[in-house]
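The block underneath contains the structure these notes are about, expressed in structure tokens.
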Ligand SMILES: [Fe+2]
Ligand SMILES: [Fe+2]
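Residue numbers (the numbering used here): 8 to 368.
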């Protein structure tokens, strides 16, 4: 599960903000749909993710430290990942029948969600030195506000005149489906549905400093989203690389591969920081303490239980209506819908998240 440390992993554990945001030089830039994007190509022609010159080795060094200190590096089990809807076979079927709207819609939603990733730079980071019993120097935790959140935000939504994942997914969509017409209600529907679902903003750990609790809850949420996105990327790569349904199988597939590569450091720094905190002790507002493990596992358990139980149904509900409407362009919409439904993935969420509270385990 853990990422292997580079061959000459430096023992250095402290990095400046500028270092964590540095990309180094590229031989050639990445241009997506006419937009200069982040990242670029080395002399060997291989894609190199942005802002990883020091961020990559830094994360490896913090992970090596965790291992040295005998602390576990948490990971989200792949088995918890719900299937994409429509799945690969269904999406391919739709495109073969000229039904492009649902796929355009899905790809557009992905690009918008990527852009939303920029909110991570607005997360308030409390004084961890005061709220954590053990020292946090030389950890990923100590670098969240000092470059890690900012690098993540820039990767997702772009920075200044440089595009990020939002623009890269748009480019992949426009390459593969030849600049399709984008349904005008994509964003509206997304907003409407998240408002309608109105998740309760209750506090599972009211004994903690509220800023700390909020930050940890968001990190746990984003970690799960990032890990589950891997399923979406695999879907996107396969679909957009298929010459039968994609107008630019190589370029569009590669664009998603580049985004996928860029996500690695997001998953890695988040699981590292949460693991560091899990191995420590938190101060409560009433002067007591709470094991970090209880908090991190508790948050992950709640999020994973909620998302594995509800996401497949929600994803289906989100597009089902527009899907059926879009199928009317096919020669035989009824037969197509039947064939489509027969291809649906059967999936039951695993019984356990692996982060069950110790008391009830
Ligand atoms: Fe991303
Ligand atoms: Fe990400």
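Even for Gly, the Cβ is constructed at its ideal location relative to N, Cα and C.
Examine ligand 2 and report whether any of its heavy atoms sits within less than 8 Å of the Cβ of residue i.
i: residue 162; result: yes
i: residue 165; result: no
i: residue 26; result: no
i: residue 129; result: no
i: residue 157; result: no
i: residue 386; result: Outside the shown range of the chain (8 to 368) lies residue 386, about which nothing can therefore be said.
i: residue 124; result: yes
i: residue 169; result: no
i: residue 345; result: no
i: residue 308; result: no
i: residue 233; result: yes
Can you check DSSP and say which residues form a bridge with residue i?
i: residue 43; result: 38
i: residue 169; result: 166
i: residue 297; result: 289
i: residue 48; result: 35, 54
Checking 9 Å against the spacing of the C-beta atoms, do residue i and residue j come in under that value?
i: residue 124; j: residue 96; result: no
i: residue 285; j: residue 211; result: no
i: residue 219; j: residue 138; result: yes
i: residue 33; j: residue 52; result: no
i: residue 102; j: residue 330; result: no
i: residue 23; j: residue 153; result: yes
i: residue 142; j: residue 352; result: no
i: residue 187; j: residue 196; result: no
i: residue 237; j: residue 85; result: yes
i: residue 200; j: residue 321; result: yes
i: residue 269; j: residue 172; result: yes
i: residue 263; j: residue 294; result: no
i: residue 45; j: residue 166; result: yes
i: residue 337; j: residue 106; result: yes
i: residue 39; j: residue 183; result: no
i: residue 130; j: residue 226; result: yes
Which residue marks the beginning of the beta strand (DSSP E) containing residue i, and which one marks its end?
i: residue 180; result: No beta strand (DSSP E) holds residue 180; the alpha helix (DSSP H) holding it covers 172-183.
i: residue 59; result: No beta strand (DSSP E) holds residue 59; DSSP gives it neither H nor E.
Under 8 Å from any heavy atom of ligand 1, does the C-beta of residue i make it?
i: residue 139; result: no
i: residue 342; result: no
i: residue 96; result: no
i: residue 121; result: yes
i: residue 104; result: no
i: residue 236; result: yes
i: residue 150; result: no
i: residue 328; result: no
i: residue 49; result: no
i: residue 348; result: no
i: residue 45; result: no
i: residue 21; result: no
i: residue 270; result: yes
i: residue 266; result: yes
i: residue 61; result: no
For the alpha helix (DSSP H) that contains residue i, what are its first and last residues?
i: residue 360; result: First-last for residue 360: undefined, no H or E at that position.
i: residue 136; result: 135-138
i: residue 341; result: 340-349
i: residue 23; result: Unbroken run through residue 23: none, as it is neither H nor E.
i: residue 109; result: 108-123
i: residue 222; result: 217-247
i: residue 103; result: 95-103
Measure from the C-beta of residue i to each C-beta in chain C and report whether the shortest distance is under 9 Å.
i: residue 150; result: Among the protein chains of the structure shown there is no chain C, as only one such chain exists.
Would you call the region 147-166 and the region 80-92 touching, i.e. three or more CB-CB distances under 8 Å? no
Three Cβ pairs or more, each shorter than 8 Å: is that satisfied between the region 288-295 and the region 258-277? no
Segment contact, 8 Å Cβ cut-off, at least three pairs: the region 296-316 with the region 347-363: yes
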